[in-house]
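Trainee: Numbering (mature numbering (1 follows the signal peptide of the UniProt record, and there is no 0)), first residue to last: -34 to -1, 1 to 329. Using N, Cα and C, we set each Cβ at its ideal position, and we do this for glycine too. No experiment lies behind these values; they were computed from the predicted model shown.
1) Cβ atoms of residue 51 and residue 99: under 9 Å apart, would you say?
2) Note the first and the last residue of the continuous beta strand (DSSP E) segment covering residue 238.
3) Between the Cα of residue 11 and those of 56, 32, 29 and 80, spot the shortest distance and give me the residue it belongs to.
4) Could you check whether the stretch 189 to 201 touches the stretch 134 to 149, counting it as contact only if at least three pairs of C-beta atoms, one from each stretch, sit closer than 8 Å?
5) Count the other CB atoms within 10 Å of the CB of residue 252; is the residue buried (16 or more) or exposed (fewer)?
6) In its own chain, which residues sit with a C-beta less than 7 Å from the C-beta of residue 18, not counting the 5 before and 5 after it?
7) Where residue 75 and residue 108 are concerned, what is the direct C-alpha to C-alpha distance, given to the nearest angstrom?
8) Ends of the beta strand (DSSP E) at residue 271?
9) Between 304, 210, 259 and 173, which has its C-alpha nearest residue 238's C-alpha?
10) Ignore the nearest five residues each way along the sequence and tell me which others in residue -2's own chain have a CB closer than 6 Å to its CB.
11) On the premise that residue 207 lies in contact with residue 122, defined as a C-beta separation below 8 Å, what is that separation, rounded to the nearest angstrom?
12) Using a threshold of 9 Å, state whether the C-beta atoms of residue 191 and residue 128 are closer than that.
13) Just list the alpha helix (DSSP H) runs in the stretch 21 to 63, keeping only unbroken ones of 4 residues or longer that don't cross its boundaries, in chain order.
14) Got a sec, what are the start and stop residues for the beta strand (DSSP E) residue 300 sits in?
15) So what does DSSP say about residue 12, is it helix, strand or coil?
16) Determine, using beta carbons only, whether residue 228 and residue 287 come nearer to each other than 9 Å.
17) CA-CA distance, residue 313 and residue 116?
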């Protein structure tokens, strides 16, 4: 006597099936800690209105696995009766298929086919969402982790500390060590703690702290230092650390002249020097004050460096006046400033050449 379609399917499955029974499901040893990426193709192989069978093609798109667990939920009243090529279990609508003893190793881009027979009432709608080792299968390769910092600039008070946070942008396949290394610049700025941080597949998204310190020094220069943040296989990032100086300069600057006339279309020069030797390098910045004639600009000497050796030698700051169409002698204030000293304001006035041209045109 011949078998029906469902009987034939059940006989075929029986040879290699794992029949589900409460309390008898064997769980294989530890799931691999690697972060998987995966694709699952669910194919219904038969359906007689109350019973059905299906196969699932599992493709590992991520790191190699030594053990795996596939999970999904039924959208209706379906139940797995028996299955093959995996250890099957079901609680409510939630189904778990763990690897058998012989197919736990799943290399990158490798696949395994598992299957089952089941029953249902009502409609038999296919599941659409699957997870492998608790990672949802999107069908896309895994995203490589990169470094993420809370800031790329840090101001460190002299004699104090400040810092930044580090985390990864995606789950790594294993432990990752992130190092913060002080590079060129002011050696009084150092990495006080957090120079080597370990991130794992469990804590990758939790920010960890790196603390920078700025030692007390005798100079009045706000030093800077580059901190390189790196990890194997990831693009390095650079943090710029700037010391917030607490020392006061006892070497006030001398600027001459304090009022400067600049011919329109030409330039004129201030000079600056210190009146006493500093204990360290002094960096002076010259900036235009708010408002004033925008035709007047610093065209050279916007940054001056004075040392314990050259402090008494005047250095030039050149102001240029661009050609314009008006007949107004515009003016603008320029600020000479550095850490530890009161800024000095000087005024530059444009000597307009349009008024003379206008008179000649009207003659």
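Mentor: On the basis of the supplied data:
1) no
2) For residue 238, the enclosing beta strand (DSSP E) stretches over residues 233 to 240.
3) 80
4) yes
5) buried
6) 10, 12, 84, 86 and 90
7) 12 Å
8) Unbroken beta strand (DSSP E) run through residue 271: 269 to 272.
9) 304
10) Unreliable placement is indicated for residue -2, whose pLDDT of 36 sits below 50; no coordinate value is reported for it.
11) 6 Å
12) no
13) none
14) 297 to 303
15) strand
16) yes
17) 41 Å
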